[in-house]
Structures are given as structure tokens and as C-alpha cells.
Amino acid sequence: MLGPYEYAVWLLCTLLESAVLVCAFKRGALRRYLLLNVYMAASVLVSLARYNILNHYGFTSKEYLYFYYYSDSLLTIFLYFALASLYSHIFSDLNAERYIRLGTVILLSGTALFSYAVVQQFSSKLVTHFVVELSQNLYFVGLVLTYILWAAVLKMRETRTRLIQLVLSMGVYFSLFAANFALQNLYQSRGSFFEILTPLFGCFLPLSWAYTFWNVSEEARTMPSRLAVVPR
Amino acid sequence: MSRKLTVVLFAMLVLVGAMSLKTVVVTHSDGSLIMANGGAPQPPTPWPPAPGK
Numbered sequence: 092m093l094g095p096y097e098y099a100v101w102l103l104c105t106l107l108e109s110a111v112l113v114c115a116f117k118r119g120a121l122r123r124y125l126l127l128n129v130y131m132a133a134s135v136l137v138s139l140a141r142y143n144i145l146n147h148y149g150f151t152s153k154e155y156l157y158f159y160y161y162s163d164s165l166l167t168i169f170l171y172f173a174l175a176s177l178y179s180h181i182f183s184d185l186n187a188e189r190y191i192r193l194g195t196v197i198l199l200s201g202t203a204l205f206s207y208a209v210v211q212q213f214s215s216k217l218v219t220h221f222v223v224e225l226s227q228n229l230y231f232v233g234l235v236l237t238y239i240l241w242a243a244v245l246k247m248r249e250t251r252t253r254l255i256q257l258v259l260s261m262g263v264y265f266s267l268f269a270a271n272f273a274l275q276n277l278y279q280s281r282g283s284f285f286e287i288l289t290p291l292f293g294c295f296l297p298l299s300w301a302y303t304f305w306n307v308s309e310e311a312r313t314m315p316s317r318l319a320v321v322p323r
Numbered sequence: 018m019s020r021k022l023t024v025v026l027f028a029m030l031v032l033v034g035a036m037s038l039k040t041v042v043v044t045h046s047d048g049s050l051i052m053a054n055g056g057a058p059q060p061p062t063p064w065p066p067a068p069g070k
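So the protein lines, in turn, are chains U and E. According to the working numbering, the first sequence holds residues 92 to 323 in order. According to the working numbering, the second sequence holds residues 18 to 70 in order.
In C-alpha cells:
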């Protein structure tokens, strides 16, 4: 049974996701970061649809269960493409758009093939197993890709503050879920505590993106610190 | 051609790294799943847990 906490966090999350779209629109970043905004728009729509199904059929219904996992897989794919678009922004000077697109498709296909190889042993609910496995695997692929992107940001001495914040917030978001999940499995006796945190972490990404779009202009630059040469 | 092969190699390395990381994270898993999209309450998994879990 769902309590007021679950509903409140869910509502907060959906409002923050809508706020990202509003902030991006107001600051003229809707088209520039199109795939990020498409992901947020899809999140809002999925949230509304989930609420509708939950209201009609109930939390323990098969309708809610299947819609939840299938829509989650879809959202993870959107998030994956949003991350790929950040790669395009970071490597825009290198004219590597074509190779990023190629890499994105190969990695997605590879993950799908790997997921299928894992779940093909299941005779029943093969499609559902595949959808959930793909979502899980894409999540970890996204996590690794974000760390690599952050390394690239540091290596290339990227100075665009907005872009840096978007990449960083994605890294923190992925890491929060991975750490929470690992701790939840490590300390199973305190599992309920970590379960409470999970939906709250879901609010982090829309909060940080809304903040970034609203407060950090496209022209803002961050100078990476350099080591000072001190004469002896 | 070599650039395309580099992209393929990079993609495969990322996939291997990601699956290794997943193995480490879910080593002690009770069959629960990571759901990292939005704040909607997560229903139980669509299949019963494996025996002994």
C-alpha cells in the first residue's frame, strides 16, 4: 500500500521534470539540448500514465506492473540517447558526430544482443525478461559512459559550465542509484531504509538540470584550475 | 576504416566494462532491480524470486 510519502515524492519528481522543460524553454535551451528535453518530456508523460493506471487498476495489478517495467525500459533508452547527445556536444569541435552516432547504435545493439543472450533461457515471459534485462544493462552502460565522458571533459579542458554541470549531474545521478542498490543488497536487514531513498534520488536529475538551465547561461565558462609554478 | 574499427572497439570495451560493473554491484542481490527513472513507486518484479533467494 502506498503512503503519503510515496505520493509526495512522485509528485515532486514530476513537477521537477516539468520544471526542466519550462526552464529550458524560458532560457532558449529547448532545441539545443533537444534529447535531454525529450527524455524529460517522456518522463512527465510516463509519470502521468503510470498514475492513471495506478488509479484505475491498483498498485499490485498486472497492468501497473507491466506498464511500469516496459515504460522504464523506454525511458532508459531515451536517457541513453540523451547521454549520447552530450557526447556530441563535448566532441562538437572534433567533427566526430558521425562516429558518435555509429558508436551509439553499435553499443545499443550490443547491449540488446547481450541482454537477449542472458534471457533466452527463460521459456515464459521472454519479452518481459528481455525488456527488464535491457533496461538494467543499459543503465550500467550509461553509468560507464558518463564516467568516460567526465574523463573526456577533464582531458579536453572543457570550459562550458552548463555542459559540465549537465554531465556532472548525470554522473552523480547514476552513481547515487548504483551505490544505493549495492548498499541495499549488502545490508539487506536495513533494506527498507534504502528503498525509501530510491524515489528521492529520482528527483536529483530533474532538480539539477532545472537549476542548470535556469541559473547557468550558455555563455558561462569555467576555467579549470592549473598548477602554479612557484620559483624557489 | 580504422576510425570505425576504433569506434567498434570502444563500444565493445564499454559493454564489457558495464557488464563487469553490473556483476560486481548485483553480486549479493536478492533479485531486486535498479529502477532509475522518476519517482513512481516500484512494483514487485514480474517473476517470482529464484529458489533460495
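The C-beta atom is built at its ideal place from N, Cα and C for all residues, glycine as well. Predicted model only: the values in this text are computed from it and were never measured.
Given that a residue counts as buried once 16 or more other Cβ atoms are within 10 Å of its Cβ, and exposed if not, what is residue i?
i: U:Asn-336; result: No statement about residue 336 of chain U is possible, as the shown extent of chain U runs from 92 to 323 and does not include it.
i: U:Glu-310; result: exposed
i: U:Glu-188; result: exposed
i: E:Leu-22; result: exposed
i: U:Ile-287; result: exposed
i: U:Asn-228; result: buried
i: U:Ala-301; result: buried
i: U:His-40; result: The question about residue 40 of chain U has no answer, for chain U in this structure spans 92 to 323.
i: E:Met-29; result: exposed
i: U:Phe-116; result: exposed
i: U:Thr-250; result: exposed
i: U:Val-258; result: buried
i: U:Ser-183; result: exposed
i: U:Pro-95; result: exposed
i: E:Ala-57; result: buried
i: U:Ser-215; result: exposed
i: E:Thr-44; result: exposed
i: U:Asn-128; result: buried
i: U:Tyr-278; result: exposed
i: E:Leu-32; result: buried
i: E:Val-42; result: buried
i: U:Ser-138; result: buried
i: U:Ile-204; result: Note that residue 204 of chain U is Leu in the sequence shown, not Ile. Answer is exposed; the Cβ neighbour count stays below 16.
i: U:Lys-246; result: exposed
i: U:Leu-234; result: buried
By DSSP's criteria, residue i is part of a beta bridge. Which residues make up the other side?
i: U:Arg-251; result: U:Arg-312
Take residue i and list the residues in its own chain whose beta-carbon comes closer than 8 Å to its own, dropping the five residues that flank it on each side.
i: U:Ala-133; result: Leu-165, Leu-166 and Phe-169
i: E:Ala-53; result: none
i: U:Val-307; result: Thr-252, Arg-253 and Gln-256
i: E:Lys-70; result: Interpretation of E:Lys-70 is limited by its pLDDT of 44, a score under 50 that renders its predicted location unreliable; the figure taken from the coordinates is listed afterwards. These residues qualify, in order along the chain: Asp-47 and Gly-48.
i: U:His-220; result: Val-210 and Phe-213
i: U:Leu-267; result: Phe-292 and Phe-295
i: U:Trp-241; result: Val-258, Leu-259 and Gly-262
i: U:Tyr-157; result: Thr-219
i: U:Trp-305; result: Cys-114, Lys-117 and Arg-118
i: U:Leu-217; result: Val-210 and Gln-211
i: U:Thr-303; result: Arg-253, Gln-256, Leu-257 and Ser-260
i: U:Val-135; result: Thr-105, Glu-108, Ser-109 and Leu-112
Could you pull out every residue in the same chain whose Cβ sits closer than 6 Å to the Cβ of residue i, ignoring the five residues on either side in sequence?
i: U:Pro-290; result: Val-100
i: E:Pro-61; result: none
i: U:Gln-275; result: Gly-282 and Phe-285
i: U:Met-131; result: Glu-108, Val-111 and Leu-112
i: U:Leu-345; result: Residue numbering for chain U in the displayed model covers 92 to 323; residue 345 of chain U lies beyond these limits and cannot be assessed.
i: U:Ala-140; result: none
Once the 5 residues before and after residue i are set aside, which same chain residues still bring their CB inside 7 Å of it?
i: U:Thr-202; result: Leu-225, Asn-228, Leu-229 and Val-232
i: E:Leu-50; result: Thr-62
i: U:Val-222; result: Tyr-160, Tyr-161 and Ser-164
i: U:Ala-175; result: Ile-191 and Thr-195
i: U:Ala-243; result: Ile-181
i: U:Ala-270; result: none
i: U:Ser-179; result: Glu-188 and Ile-191
i: U:Tyr-207; result: Phe-221
i: U:Arg-312; result: Thr-250, Arg-251 and Thr-252
i: U:Tyr-154; result: According to the sequence shown, residue 154 of chain U is Glu rather than Tyr. Result list for U:Glu-154: Ile-144 and Tyr-148, in chain order.
i: U:Leu-126; result: Phe-172, Ala-173 and Ser-176
i: U:Leu-236; result: Leu-174
Under 8 Å, CB to CB, which of the residues in the stretch 193-205 of chain U have a partner in chain E?
Cβ contacts with chain E: Leu-193, Gly-194, Ile-197, Leu-198, Gly-201, Thr-202 and Phe-205.
For the stretch 39-57 of chain E, which residues have a beta carbon sitting closer than 9 Å to at least one beta carbon of chain U?
Listed by position along the chain: Lys-39, Val-41, Val-42, Val-43, Thr-44, His-45, Ser-46, Asp-47, Ser-49, Leu-50, Ile-51, Met-52, Ala-53, Asn-54, Gly-55, Gly-56 and Ala-57.
Jot down the residue ranges of each uninterrupted alpha helix (DSSP H) in the stretch 157-236 of chain U, minimum 4 residues, whole runs only, in chain order.
You should have 188-210.
Please identify, using Cβ separations under 8 Å, the residues of the stretch 115-132 of chain U that lie next to chain E, in order along the chain.
Those residues of the stretch 115-132 of chain U that come within reach of chain E (Cβ to Cβ, closer than 8 Å) do not exist; the list is empty.
Please give me, in chain order, every unbroken run of the alpha helix (DSSP H) with length at least 4 that falls completely inside the stretch 251-300 of chain U.
List check, alpha helix (DSSP H) in window: 252-277 and 282-292.
Using Cβ-Cβ distances below 8 Å, what residues of the stretch 235-254 of chain U are close to chain E?
For the stretch 235-254 of chain U, residues whose beta-carbon sits nearer than 8 Å to a beta-carbon of chain E comprise Val-235, Leu-236 and Ile-239.
Anything in the stretch 25-40 of chain E with a Cβ closer than 8 Å to a Cβ of chain U? List those residues in chain order, please.
Residues of the stretch 25-40 of chain E whose Cβ lies closer than 8 Å to any Cβ of chain U, in chain order: Val-25, Phe-27, Ala-28, Met-29, Val-31, Leu-32, Gly-34, Ala-35, Met-36, Leu-38 and Lys-39.
Chain E contacts made by the stretch 273-293 of chain U, where a contact means CB separation under 9 Å
For the stretch 273-293 of chain U, residues whose beta-carbon sits nearer than 9 Å to a beta-carbon of chain E comprise Ala-273, Gln-275, Asn-276, Leu-277, Gln-279, Gly-282, Glu-286, Thr-289, Pro-290, Leu-291, Phe-292 and Gly-293.
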